[in-house]
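Residue numbers (the working numbering), protein chains in the order written: chain Y, 124 to 350; chain V, 3 to 110.
1) Taking the straight line between their C-alpha atoms, what separation do you get for residue 157 of chain Y and residue 90 of chain V?
2) According to DSSP, simplified to helix, strand and coil, what is residue 228 of chain Y?
3) Helix or strand or just coil, what does DSSP make of residue 127 of chain Y?
4) Residue 8 of chain V bridges to which residues according to DSSP?
5) Do you know how far the Cα of residue 88 of chain V is from the Cα of residue 71 of chain V?
6) Alpha carbon to alpha carbon, what distance is there between residue 299 of chain Y and residue 183 of chain Y?
7) When you compare the CB positions of residue 205 of chain Y and residue 294 of chain Y, do they come within less than 8 angstroms of one another, or not?
8) Quick one: is residue 68 of chain V near chain Y, going by C-beta distance under 8 angstroms?
9) Can you pull the chain V neighbours of residue 152 of chain Y, defined as C-beta to C-beta under 8 angstroms?
10) Over what stretch of residues does the alpha helix (DSSP H) that includes residue 145 of chain Y continue unbroken?
11) To the nearest angstrom, how far is the alpha carbon of residue 166 of chain Y from that of residue 198 of chain Y?
12) Within 8 angstroms of any Cβ in chain V, is that where the Cβ of residue 221 of chain Y sits?
13) Spatial neighbours of residue 52 of chain V within its chain, please: CB distance less than 8 angstroms, with the 5 preceding and 5 following residues excluded, ordered by chain position.
14) Which residue from Y:317, Y:190, Y:217 puts its Cα closest to that of residue 17 of chain V?
15) Mind checking who residue 81 of chain V pairs with in its DSSP beta bridge?
16) Helix, strand or coil for residue 215 of chain Y, going by three-state DSSP, please let me know.
17) Looking at chain B, is there any beta carbon in it that lies within less than 8 angstroms of the beta carbon of residue 84 of chain V?
18) Please classify residue 327 of chain Y as buried or exposed, where buried requires at least 16 neighbouring CB atoms within 10 angstroms.
19) Nearest to residue 30 of chain V by alpha carbon, out of V:57, V:46, V:43?
20) If you follow the alpha helix (DSSP H) that residue 71 of chain V is in, where does it begin and where does it stop?
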């Protein structure tokens, strides 16, 4: 791990301490965010999974019916029959803020009139299977759109979770230990200086005492002469 | 007001015309990839459905639009039946988010 190189001063240590505290707070917040995102993501994915199972089953049924219908009719006629949709739907997109992830929400509204249950093609040239299969398809339309919405949400949330998880891990395993190590090394350096200072003082004191003793001794020796 | 598009082979997508979807018949992966980028760039589509077999082949193209809010590109089974690719997609998203495939083990 690359260490942060700093001057071993009290100023630097205080600065680092501040940064460490910020990192710790950020880490806690991000961790909470990740947990909440995860909760919402799991809800979305669970619903999506159930929905997808249902939709896939329904689509399978529809395809079966539709292939029978298309096999029994003239392909040109089939396209002609379908080209004019019976529903004029409009898809409105609104955006929702999900834990600061902007996700789309779709709302589908059909301008269904009283003729909604009928079809926009002549019944004379198409088979009954077509009616049945198309009704089936119409039945899962809302599910299809809901599924698209959920899957998009799941994708976007997954991306955000991944990002947040990286940030949490970077803070937890890189930034915070680095700060701690730097703070510790500064503290040790300062302590070392402190100890050096104390010993030096003690040594100086000893020397001064020694010098004083010597002068005392000298004056003691000189005293009898003066007597 | 947005459109719903569907990309796939003729048999799979024709019926969706009746729902008012914008149907785009394509043959082959290259054409499908081209269509995807064309539809996304037009900005008119909120949802684009694509059949599974084509989705498998256009993975790269779809990945570009994975992390933007619109459009939602959703995989549906084709007329040849489902090969489980759509479900695998959800599983991948879960794996990406959680880091492990826990959902589908205990969920079932």
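For glycine and all other residues, C-beta sits at the position ideal for the given N, C-alpha and C. Note that the structure is a prediction, hence the values are computed from the model and not measured.
The relevant details are as follows:
1) The residue labelled residue 157 of chain Y in the question sits at position 34 within the first chain. The residue labelled residue 90 of chain V in the question sits at position 88 within the second chain. Rounded to whole angstroms, residue 157 of chain Y to residue 90 of chain V spans 23 angstroms at the Cα level.
2) To locate residue 228 of chain Y, count along the first chain from 1; it is residue 105. Three-state result, residue 228 of chain Y: strand.
3) On the first chain, residue 127 of chain Y is found 4 positions in, with the first residue counted as 1. In this structure, DSSP gives residue 127 of chain Y a state outside helix and strand, which the three-state scheme calls coil.
4) Here residue 8 of chain V refers to the residue found at position 6 of the second chain. Beta-bridge pairing links residue 8 of chain V to V:25, V:51.
5) Walking along the second chain from the start, residue 71 of chain V turns up at place 69. Walking along the second chain from the start, residue 88 of chain V turns up at place 86. Answer to the nearest angstrom: the Cα atoms are 19 angstroms apart.
6) In the first chain, residue 183 of chain Y corresponds to position 60, counting from 1. In the first chain, residue 299 of chain Y corresponds to position 176, counting from 1. Whole-angstrom Cα-Cα distance: 54 angstroms.
7) Reading the first chain from its first residue, position 82 is the one you call residue 205 of chain Y. Reading the first chain from its first residue, position 171 is the one you call residue 294 of chain Y. Contact: no.
8) If you number the second chain from 1, residue 68 of chain V lands on position 66. Yes - at least one Cβ of chain Y is within 8 angstroms of the one on residue 68 of chain V.
9) Here residue 152 of chain Y refers to the residue found at position 29 of the first chain. Within chain V, no C-beta atom comes less than 8 angstroms from the C-beta of residue 152 of chain Y; the nearest is roughly 19 angstroms away.
10) Numbered from 1 along the first chain, position 22 holds the residue referred to as residue 145 of chain Y. 133-195 is the extent of the alpha helix (DSSP H) around residue 145 of chain Y.
11) On the first chain, position 43 is the one that residue 166 of chain Y refers to. On the first chain, position 75 is the one that residue 198 of chain Y refers to. Near 43 angstroms, if we compare the C-alpha coordinates of residue 198 of chain Y and residue 166 of chain Y.
12) Here residue 221 of chain Y refers to the residue found at position 98 of the first chain. No, its Cβ sits nowhere closer than 8 angstroms to a Cβ of chain V.
13) Counting from 1 along the second chain, the entry for residue 52 of chain V is found at position 50. Contacts found: 8, 9, 10, 34, 38, 60, 64, 75, 76, 77, 78.
14) For the purposes of this step, residue 17 of chain V is taken as residue 15 along the second chain, with counting starting at 1. Minimum Cα distance to residue 17 of chain V is reached at Y:190.
15) By one-based count along the second chain, residue 81 of chain V stands at place 79. Answer is none; residue 81 of chain V lacks a bridge partner.
16) On the first chain, residue 215 of chain Y is found 92 positions in, with the first residue counted as 1. Correct three-state label for residue 215 of chain Y: strand.
17) Considering every chain present, this structure includes no chain B. Its protein chains are Y and V.
18) As a first step, residue 327 of chain Y is located in the first chain; it is residue number 204 there, counting from the start. Label assigned to residue 327 of chain Y: exposed.
19) Position 28 of the second chain holds residue 30 of chain V. Of V:57, V:46, V:43, the residue nearest in Cα terms is V:57.
20) Residue 71 of chain V sits at position 69 when you count from the first residue of the second chain. No residue range can be given for residue 71 of chain V, since it is assigned to no alpha helix (DSSP H) and is classified by DSSP as neither H nor E.
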